[in-house]
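Undergrad: Oh and the sequence shown: position 255 is 386 in the numbering used here, straight run, nothing missing. Ideal placement from N, C-alpha and C gives every residue a C-beta, glycine not left out. Bear in mind that the values here come from a model prediction, so they are computed numbers and not experimental data. Got a structure here, written out as structure tokens. Questions coming.
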Amino acid sequence: MKILVTGGAGFIGSAFVRLTLGDGAQHSLVNVDSLTYAGNLENIASVERHPGHSFVRADIRDAAAVAEVFAQHKPDAVVHFAAESHVDRSILSPEPVVTTNFMGTFQLLEAAKRQGVARFVHVSTDEVYGSIPEPLDADEQYPISASSPYSASKAASDLLALSYYKTFKMPVMVTRASNNYGPNQFPEKLIPLMISNALEDQPLPIYGDGQQVRDWLYVDDHCRAIHAVLAKGSPGEIYNIGGSRALANLDVVHRILALTGKPTSLLKTVTDRPGHDRRYAITSEKIERATGWRAQMNFDLGLKSTIEWYMANLDWVARVKSGAYRDYYQQNYSDR
Ligand code: NAD
Ligand code: DAU
């Protein structure tokens, strides 16, 4: 099967590319990515020259460029990762978030409809459910209640993708994963930021009381779940993908301090995120029943190997951080 992957130079997309082109690859990939601050071809250096991999630098908001990729490569399936994926950036600068996440998805759906693809997996997030009160775990019927421009743009794109199933009978499936962690994640999200700051003896910024809860999913478990949906999912369906490892942020950060051997004096309470969701919690029973997928990675082992990856790749961290990221954040959040 020829799969058009979008965002395959980013954190999760690059893990999907590496996994798919690993031993005994059964699929070939066309990897479309515009290489924003979060897209880095180093992430796929190990498979860049694989015969089953073609990279196209293109912006998914550009209808003509998207049409050309489809015309040239005629993919059988689409796995759509490309997005502006960071909540804090979506608060500071919502425009690229709305245009990429919504209009970019629209351009892909249109091109895929014309092409008549056999499968379209729209990769989304559990953030679309908003904060979930204890003791509930959201299933796929749980109402959407997005809090940030990021989550609202993802919720809107989920609805648009599902409308292409209802209206045009396109074989669209939507996946909603919880917080991913693992190697090659740009150091702006909780786990990679805390690891890289700890390794550099920099303060670890804790938003508010640090008791917000997230469910942690190892990135390769997420990628295997997407393959399971690609192979066995039913068109028109939504599949939650969770790690079954809910932890308060401070608990995660204390584990990082312990594993890096750094002192708790590095913790620094900073201004809370506006509209901060208190708790994310989902059930993955549907995907488990439908495909047999289960999250495999134990959180403590996954966190340890992620820290080891960052320790061995401090040059990667320095390179990605030397971009516009640092100035942008320092200008906008003076206490972080
Ligand atoms: P990321 O920010 O690491 O990577 C995004 C990739 O998309 C980058 O390579 C970037 O260059 C590319 N991109 C951005 N705008 C583009 C555009 N207009 N045209 C073409 N390419 C563009 O993101 P990630 O964390 O790997 O997330 C991937 C997907 O998974 C997103 O759709 C996100 O909403 C979803 N998701 C992420 C998480 C998480 O914890 N990171 C959890 C659930 C769902
Ligand atoms: O739930 C899935 C979502 O997880 C994905 O859709 C998003 O793409 C991804 O960014 C992530 O969103 P979060 O907002 O949950 O992730 P983030 O890593 O930004 O924050 C996790 C928690 O840690 C959240 O409660 C805010 C807090 N936090 C984050 C940062 C960056 C801090 O306390 N300090 C920080 O510096």
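Tell me which same chain residues have a C-beta within less than 6 Å of the C-beta of Ala269, skipping the five on either side of it?
TA: Taken in chain order, the residues that qualify are Tyr260, Ile263, Ile413.
Undergrad: On the premise that Ala292 lies in contact with Thr231, defined as a C-beta separation below 8 Å, what is that separation, rounded to the nearest angstrom?
TA: Rounded, the Cβ-Cβ distance is 14 Å, inconsistent with contact.
Undergrad: From which residue to which residue does the beta strand (DSSP E) around Arg192 run?
TA: Taken as a continuous stretch (DSSP letters only), Arg192 belongs to no beta strand (DSSP E), as it is neither H nor E.
Undergrad: Kindly indicate which residue of Glu439, Gln238, Val200 has the alpha-carbon position closest to the one of Leu390.
TA: The residue with the shortest Cα to Cα distance from Leu390 is Glu439.
Undergrad: How many Å lie between Asp468 and Ser255 at the Cα?
TA: Within the shown structure, residues of the chain are numbered from 132 to 467, placing residue 468 beyond reach of any answer.
Undergrad: Could you tell me if the beta carbon of Lys320 falls within a distance shorter than 7 Å of some heavy atom in the ligand DAU?
TA: For the ligand DAU, at least one heavy atom lies less than 7 Å from the Cβ of Lys320.
Undergrad: Cβ of Arg450 within 8 Å of Cβ of Leu361?
TA: Not in contact: Arg450 and Leu361 (Cβ atoms no closer than 8 Å).
Undergrad: Just to confirm the assignment, what range does the beta strand (DSSP E) spanning Leu398 have?
TA: Segment 398-401, the beta strand (DSSP E) holding Leu398.
Undergrad: Are the C-beta of Pro302 and some C-beta of chain D separated by less than 8 Å?
TA: Protein chain content of the structure displayed is limited to a single chain, and chain D is not contained in it.
Undergrad: Provide the residue span of the beta strand (DSSP E) that contains Pro336, from first to last.
TA: Element bounds for Pro336: 335-338.
Undergrad: Since Trp347 is in the beta strand (DSSP E), which residue starts that stretch and which ends it?
TA: It spans 344-349 - the beta strand (DSSP E) in which Trp347 sits, taken as one unbroken run.
Undergrad: Could you check how far apart the C-beta atoms of Ser415 and Ile372 are, in whole angstroms? I think they sit under 8 Å.
TA: The Cβ separation is near 6 Å, so the contact holds.
Undergrad: Looking only at its chain, what residues have a beta carbon closer than 8 Å to the beta carbon of Glu258, apart from the 5 residues adjacent to it on each side?
TA: Cβ neighbours of Glu258 beyond the five flanking positions: Val218, Ala277, Ser278, Ser279, Tyr281, Ser282, Lys285, Asp408, Tyr411.
Undergrad: Please state the DSSP three-state secondary structure of Leu267.
TA: Coil, per DSSP.
Undergrad: Can you tell me where the alpha helix (DSSP H) with Phe251 in it begins and where it stops?
TA: Looking at the DSSP string, Phe251 is not in any alpha helix (DSSP H); the run it does join, the beta strand (DSSP E), is 250-256.
Undergrad: Between the Cα of Arg307 and those of Asp431, Asn315, Lys417, spot the shortest distance and give me the residue it belongs to.
TA: Comparing Cα positions, the closest option is Lys417.
Undergrad: The ligand NAD and Leu166: does any heavy atom of the ligand fall closer than 7 Å to the residue's C-beta?
TA: Yes, the ligand NAD has a heavy atom inside 7 Å of this Cβ.
Undergrad: Classify Met301 as buried or exposed, calling it buried when 16 or more other Cβ atoms lie within 10 Å of its own Cβ.
TA: When all chains shown are included, Met301 counts as buried.
Undergrad: What is the residue span of the alpha helix (DSSP H) that Met442 lies within?
TA: Here the alpha helix (DSSP H) through Met442 covers 430-443.
Undergrad: Taking Ile134 as the reference, which of Asp154, Ala189, Asp207 has the closest Cα?
TA: Nearest of Asp154, Ala189, Asp207 to Ile134, Cα basis: Asp207.
Undergrad: To which residues of the same chain is Ala156 closer than 8 Å at the C-beta, ignoring the five residues directly before and after it?
TA: Excluding positions up to five away in sequence, the list reads His181, Gly183.
Undergrad: For Lys452, I'd like the list of residues in its chain whose CB is within less than 8 Å of its CB, leaving aside the five on either flank, ordered along the chain.
TA: These residues qualify, in order along the chain: Pro318, Ser327.
Undergrad: Can you tell me whether DSSP reads Tyr312 as helix, strand or coil?
TA: Here Tyr312 sits in strand by DSSP.
Undergrad: Under the assumption that Leu348 contacts Asn310 (Cβ atoms under 8 Å), give the Cβ distance between them as a whole number of angstroms.
TA: With a Cβ gap of about 7 Å, Leu348 and Asn310 count as contacting.
Undergrad: Under 8 Å Cβ to Cβ from Glu271, same chain only, skipping five residues before and after it: list those, please.
TA: The answer, listed in chain order, is Arg307, Glu368, Ile369, Tyr370, Asn371, Lys417.
Undergrad: Could you tell me the boundaries of the beta strand (DSSP E) in which Thr137 lies?
TA: Note, Thr137: beta strand (DSSP E), 133-137.
Undergrad: Starting from Asn328, trace the alpha helix (DSSP H) both ways and give me its first and last residue.
TA: That run of the alpha helix (DSSP H) goes 321-330.
Undergrad: Among all the DSSP beta bridges, which residues are the ones paired with Asp164?
TA: For Asp164, which the question treats as bridged, DSSP gives the partners Arg188.
Undergrad: Among Pro274, Gln342, Gly313, Met234, whose alpha-carbon lies nearest the alpha-carbon of Asp193?
TA: Nearest C-alpha to Asp193: Met234.
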